[in-house]
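S.K.:
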Amino acid sequence: QVQLVESGGGLVQPGGSLRLSCAASIIAFSMYDMGWYRQAPGKQRELVALIRTAGSTNYADSVKGRFTISKDNAKRTVYLQMNTLKPEDTAVYYCNAKRTVIGVDYWGQGTQVTVSS
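Going by this note's numbering, the sequence shown opens with residue 124, and the numbers climb by one from there.
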């Protein structure tokens, strides 16, 4: 059974940094597009950052220049480095693994990020 386990969330002051990790129990991890999504109270879940199998990345406009997504295929882990955090970054952050060619899409349980003074 595939599991995605996020860690690294917490409470941070505005302007601070956090690094989220997502450990995936996926044998063919390198064949998956990996993404970080977030959902704030009362809002829809939105894509924050995506890293494709070949390593190309996409970011939401709201986080460009502040967040960086990366992955370590050997460790089957994807990371989200979040710098210059703002109160509007407060949300539950979810890890996603997708392999469209075989129609599979996995989600983690989420980790809370709260940016507040």
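We put the beta carbon where it would ideally sit given N, CA and C, even for glycine.
(1) Check the C-beta distance from arginine 175 over to aspartate 156 and give it rounded, since I have them as a contact under 8 Å.
(2) Which partner residues does glycine 133 have in the DSSP bridge list?
(3) Since arginine 142 and valine 215 are thought to touch, with beta carbons under 8 Å apart, how far apart are those beta carbons, to the nearest angstrom?
(4) Per DSSP, what kind of secondary structure is threonine 191 in: helix, strand or coil?
(5) So, does the stretch 176-192 touch the stretch 226-237, judging by three or more C-beta pairs under 8 Å?
(6) What residue does the beta strand (DSSP E) around tyrosine 155 start on, and which one ends it?
(7) Over the uninterrupted beta strand (DSSP E) stretch that includes lysine 221, give me the two end residues.
(8) Bridge partners of asparagine 181, per DSSP?
(9) Ordered along the chain, which non-local residues of its own chain (more than five positions away) have a Cβ less than 8 Å from that of threonine 200?
(10) List the residues that DSSP assigns as beta-bridge partners of leucine 143.
(11) Check whether the Cβ atoms of tryptophan 159 and isoleucine 192 lie closer than 8 Å to each other.
M.R.: This is what the structure holds:
(1) 5 Å
(2) Val236
(3) That pair is no contact at about 17 Å.
(4) In this structure, threonine 191 counts as strand in the three-state DSSP scheme.
(5) no
(6) No beta strand (DSSP E) contains tyrosine 155, which DSSP labels as neither H nor E.
(7) 214-222
(8) For asparagine 181, which the question treats as bridged, DSSP gives the partners Leu173.
(9) Ser144, Cys145, Ala146, Ala147 and Lys194
(10) Leu203
(11) yes
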